[in-house]
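Chains as they are written, first to last, in the numbering used here: chain G, -10 to 347; chain E, -10 to 347; chain R, 1351 to 1672; chain C, 1351 to 1672. Here a beta-carbon is modelled for each residue, glycine too, at the ideal position from N, C-alpha and C. In this text, all values refer to a predicted model and were calculated from it rather than measured experimentally. Scroll down for the structure; my scribbles are underneath it.
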Ligand SMILES: Cc1ncc(C[n+]2csc(CCOP(=O)(O)OP(=O)(O)O)c2C)c(N)n1
Ligand SMILES: Cc1ncc(C[n+]2csc(CCOP(=O)(O)OP(=O)(O)O)c2C)c(N)n1
Ligand SMILES: [Mg+2]
Ligand SMILES: [Mg+2]
């Protein structure tokens, strides 16, 4: 039944070779992108209705990056997911309702109101939640990979960061350490052209992907709006890492199609630049490709819409946390609990029969 | 009277072209290397005699790097000098006696006993003293260069660091920022093969000089035991910086011929490696070259020996600081005082008639 | 005198300093044409150019380190952390390079680091912190925390002119909620002097930053008690005499801050009083602070953690009755 | 029981933990075949291999960050800072990532960071610091500071087994100067409990780390006064009841530490006492600490700054006479 994809552009042949996607897999890729967009649109509405306290950040336009890359992960792999990468959370198994509850600071959200926005990770699903300081998860991902390497487990740690983060010292320390120990870690650099209002020119002189070679590992650049290209690069990187071939830096070129946060009107973005990327919407691009191959996608849209309605209702029914619990849990009394995540790619799991929501 | 040197090996022709050394200049290079070695030998003796509290670190075998590079600086340039670079201090005008007093924690030392070892810089001579945290002076040097750039002054900031320091996040942040703003800063990377006991293989996968291109500026590798090669690279880098051409990373290959500190027996250094470099002593190499050109150096040796005797006597005559002053000066009451340094290269100053000790 | 918000007062102060002295410049993330995450620097890039309003990359150590280098070369850099929380990423340059420079080698480092700090608006664990106490354990740094628009401008001027590294804590929650009269032109509010925000003789309530307003609200009508509210303004160096003088008069003291409890500035103030004014004390030295916990995001949790007016009132009342 | 130095006790503790549990490993600069800057880890690479004794590059954030990642995956990393002073370079990973992990997402981070700290041997401003107080202002971190070989080993075991990030301050000046009996095999000294280093009833002298020995020496013969010396052992969480119980008994307290004064651990202890034991106090709560100044290099300056036996004796005597 497996239908190999056409080889994505911009990748070395041998890298794409390992990544086989079935028609169902491709449907899943679309579904997760749609689910990410729908969830974020819903969250933005809730924000505008005053249901989301604090600020609101999303990954509009970047759906292909987080979905394409996280889709390559196996259940026992681990992920440190960043603020534009809701798709990765969904793939690991976080339900949209929990995301919405998280944004609203409610119980049932991933952090039960302790943290907000995208600052979360479900430890039961193999995720270590990001902190705001960027890119602090890069060294942490190295530590996860170090544990795998020391225990001789064929597992991978994946983490994401933006173009802005590459200027930070922790980025360098992580890259260098990953190279020296040839750690099984995959770094996904989401170049969405800006760090808040700061354009690439003020962040670096040359593409950070070029640094990978100097750190002693592979750097590949992919079209971040082509979900299959991102997937292929990620799958190749994961395979390499699992085989003891060390880290990979994947630079995915994309564009942040919303403001840095909901408060940001993006006045600093040149309209031509915005237009150019608006014509390359990752979901539209992918649907067009699927359509050209005669693959039906309407049912996926309907399923996602239904799911979102149910999930939103669920989220809105969650209570706020009890103030009396505010000081609990500063210290742990038990050892780490890091469970396995969902891994919807058909390589990892037989397609679930009950429906798309694994 | 100016006798141009033969062009040093390992450098691009256009880079060496600017650096003209007279015979007297070359004598000065030798003199500073001898003075550095003699001062450090004396300090080590004082340490062994119990006159130097705390630890003792030196730059044995690395004389060509600090002397060759600092010699290219002009008086109004600024320097953040590191722990293997006594030669640079001497060139800026710190007398050996003050260095010895510094090591012994006495008044008259550069920090009057406040700090020890090589943790100093004479602000009156355009130096900002290093801190122990490596390589914290790299961002500071960028800040000095930023001031020059903002004020449109044709001045250069130079700083040094070891191979080990290149693994640190601050190194990266400084390189990246220097590249983005094309700051007039010269980075001298002293690769002495080890960071304490840690060999290059555990510090990085590829030579850090290769990273320079990715940061958007020149990286050059020189024989760090050839004082003229180092000088030529530094002079070219300074010229480039002054002309608005941005930063340079000079990787000088050398070897730390003493332990990390006086307590360290270097048992981790493979004897062959040590031997190989022992045969390439920078002072001997240079004297041999001068000798082959018929240039006399004996008088320099004698002058250095004399100077050291006088300076040591002076240092030993300095008192210890008064404990009552220990809590003074935490806060400044006046604005920064950063004076100009000596610049013995004949480009900067007519050769002083009175003798070699400028 | 014009009425300005706390935020406008800071902007105004920055503009005055930059007009007054060419060597003053700003650096930080998005502070240039974007005007900063909170729009404090809005318009400054237009007036002073991109060079004096450097949009840096995301690199706090480089920001602080470059500020140190520029400062020793005679510039007067004002670095902005996008949130005070990010100072943890530039920490080493502050506590090891900037703080110890003058003591070690007599070289002054006139820089200011602006720290938009504090919570109260669901910023969560990484956008609500009050990191001031760390810097009292790093001799060589000064720390100020204005509570009014007037002081915001005046303390900024003093911080910029001071030859030392000064951490300037501006409370985000006051930015647009607080207005007050602010004199035009340059003026300086001296460092190291408390302000009596409300005079009194029955109890001294010590606070700083946003908590000064919580304090004032709490004691506005406390069964007729005359509570003196001290606004510390400068946290380092502390105005020891200012504090002790008030306590000697009242004999009772509550210390209030938003930062977490252990080893906070409140601990220092209490220790100072317990040592130097013991004989004048008519009751325990009481602290009202956030407990030792990260600042949670969700409103009910956050308000359970941050000191509230009622809590302060209750603490004062209890001590008054002691 | 064998007599070990303080340093040998730490080494012994590391060896026991690594033998006992395969998931325990060490990382840091030069800790492998070289055995660490102070030779604390000497021999461990021979026994456990280079993989479990990782000679890292000079990158403190990566060291702490990698330890966090490995810890949440079920390893028990022990990171070494070459000197405690360098923790400023890995600060952010500790206070923002490690400290807040459990509160935010219920994920435990069982890591230990060893901090060779303290002065007394002309280490100068960058090799003599005592950074413990910073971490009390970063909820979620535990902090221990053993003063004896016995506790050095026992607290290390507890720190390694604890599911939280623990900062382990080992005082360099005790390494080879102090010997004591240390039991063979594994044992744990519980976190959060003070030790009565010397019982007494006239005055409580609170100390930790190397200063416990200064304290004991100072009160050995104090005109017959019975001074109780409390060794805090754990600085976070503080043993509130242990401290308050002693003060309630004696009514007088001197708090001693080597770290600088403002917002130090001593400030917290004094504030705690001034609030919770006010009624039991028979005199001011006195601190003996380093003043707020970087630790100078030259011996006469350094000893003027670090608390000396005479100073402690004088402070106790004065308070006893109060
Ligand atoms: C260490 C640190 N400094 C500053 C910030 C404030 N900040 C939040 S997001 C952001 C821009 C990040 O840009 P980038 O890495 O490109 O990620 P993007 O938001 O574009 O996905 C900044 C500066 C931060 N989060 N961390
Ligand atoms: C941030 C930091 N971490 C650790 C140290 C401890 N330390 C002092 S020197 C040194 C090795 C430095 O190696 P390198 O940069 O190659 O300089 P070298 O001494 O070889 O000249 C280390 C690890 C330090 N000084 N700074
Ligand atoms: Mg970006
Ligand atoms: Mg080296």
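Do we get a CB-CB distance below 9 Å when we pair residue 1425/C with the residues of chain G? Yes, because at least one Cβ of chain G sits closer than 9 Å to the Cβ of residue 1425/C.
Spell out whether any CB of chain G is found under 9 Å from the CB atom of residue 1475/R. yes
Between the stretch 120 to 127 of chain E and the stretch 1435 to 1446 of chain C, can you find at least three pairs of beta-carbon atoms closer than 8 Å? Yes: the two stretches touch, three or more of their Cβ pairs being nearer than 8 Å.
With DSSP as the reference, label residue 1657/C as helix, strand or coil. Collapsing the DSSP output to three states places residue 1657/C in coil.
Ligand 2 heavy atoms versus the CB of residue 121/E: any closer than 8 Å? yes
N-terminal and C-terminal residue of the beta strand (DSSP E) that residue 1636/R is part of: 1635 to 1640
Please list, in chain order, the chain R residues whose beta carbon lies closer than 9 Å to that of residue 103/G. Within chain R, the residues whose beta carbon sits less than 9 Å from that of residue 103/G are 1474, 1475, 1644, 1646, 1647, 1648, 1651, listed in sequence order.
Straight-line CA distance for residue 1458/R to residue 1585/R? 20 Å
Is residue 184/G a contact residue of ligand 3, with contact defined as CB to any heavy atom under 8 Å? yes
Could you tell me which of 156/G, 304/G, 161/G, 176/G sits nearest to residue 154/E, measuring between CA atoms? 161/G
Ligand 2 heavy atoms versus the CB of residue 106/G: any closer than 8 Å? no
Which of the three DSSP states, helix, strand or coil, is assigned to residue 237/G? strand
Residues near residue 304/E in its chain [Cβ-Cβ closer than 6 Å; skip 5 each side]: 86, 89, 90
Smallest Cα separation from residue 1455/R: which of 117/E, 18/E, 335/E? 117/E
Compute the distance between the beta-carbons of residue 12/E and residue 1447/R, then report whether it is under 9 Å. Against a cut-off of 9 Å, the Cβ pair of residue 1447/R and residue 12/E comes out as no contact.
Residues near residue 1449/C in its chain [Cβ-Cβ closer than 6 Å; skip 5 each side]: 1488, 1490, 1491
Residues of chain E with a CB under 8 Å from the CB of residue 1442/R: which are they? Those within 8 Å of residue 1442/R in chain E are 122, 125, 159.
For residue 136/G and residue 1424/C, the rounded distance between their alpha carbons: 8 Å
Just the Cα atoms here: how many angstroms apart are residue 1613/R and residue 1486/C? 6 Å
By how many angstroms is the C-alpha of residue 326/E removed from the C-alpha of residue 1426/R? 14 Å
When you compare only the Cα positions, how much space is there between residue 1608/C and residue 1664/R? 37 Å
Consider the C-beta atom of residue 151/G and the heavy atoms of ligand 3; say whether any pair is separated by less than 8 Å. yes
Report whether the distance from the Cβ of residue 179/G to the nearest heavy atom of ligand 3 is below 8 Å. Checking the 8 Å criterion, the Cβ of residue 179/G is within range of a heavy atom belonging to ligand 3.
Please confirm whether any heavy atom of ligand 1 lies closer than 8 Å to the CB of residue 1410/R. yes
Between the beta-carbon of residue 1626/R and the beta-carbon of residue 315/G, is there less than 9 Å? The Cβ atoms of residue 1626/R and residue 315/G lie no closer than 9 Å to each other.
Cβ-based burial, residue 1681/R [other Cβ within 10 Å; buried from 16]: With chain R represented from 1351 up to 1672, any question about residue 1681/R goes unanswered, as that position is not in the structure.
Contact the stretch 48 to 65 of chain E vs the stretch 16 to 34 of chain E: 3+ CB pairs below 8 Å: yes
Option nearest residue 1758/C by Cα separation, candidates 1618/C, 1401/C, 1430/C, 1390/C: There is no way to answer for residue 1758/C, as the model of chain C reaches only from 1351 to 1672.
Distance, Cα to Cα, residue 1540/C vs residue 1548/C? 19 Å
What residue from 1402/R, 1523/R, 1353/R has the CA that sits closest to residue 1369/R's CA? The shortest Cα separation from residue 1369/R among 1402/R, 1523/R, 1353/R belongs to 1402/R.
Does any residue of chain R bring its CB to less than 9 Å from the CB of residue 187/G? By this cut-off, residue 187/G is an interface position.
For residue 1584/R, which of helix, strand or coil comes out of DSSP? strand
With distances taken between CB atoms, is the gap from residue 133/E to residue 194/E smaller than 9 Å? no
Is residue 245/G near ligand 3, with its Cβ less than 8 Å from a heavy atom? yes
Taking the C-alpha atoms as reference points, what is the distance between residue 247/E and residue 1392/R? 55 Å
Since residue 210/E sits in a beta bridge, which residues does DSSP pair it with? 240/E
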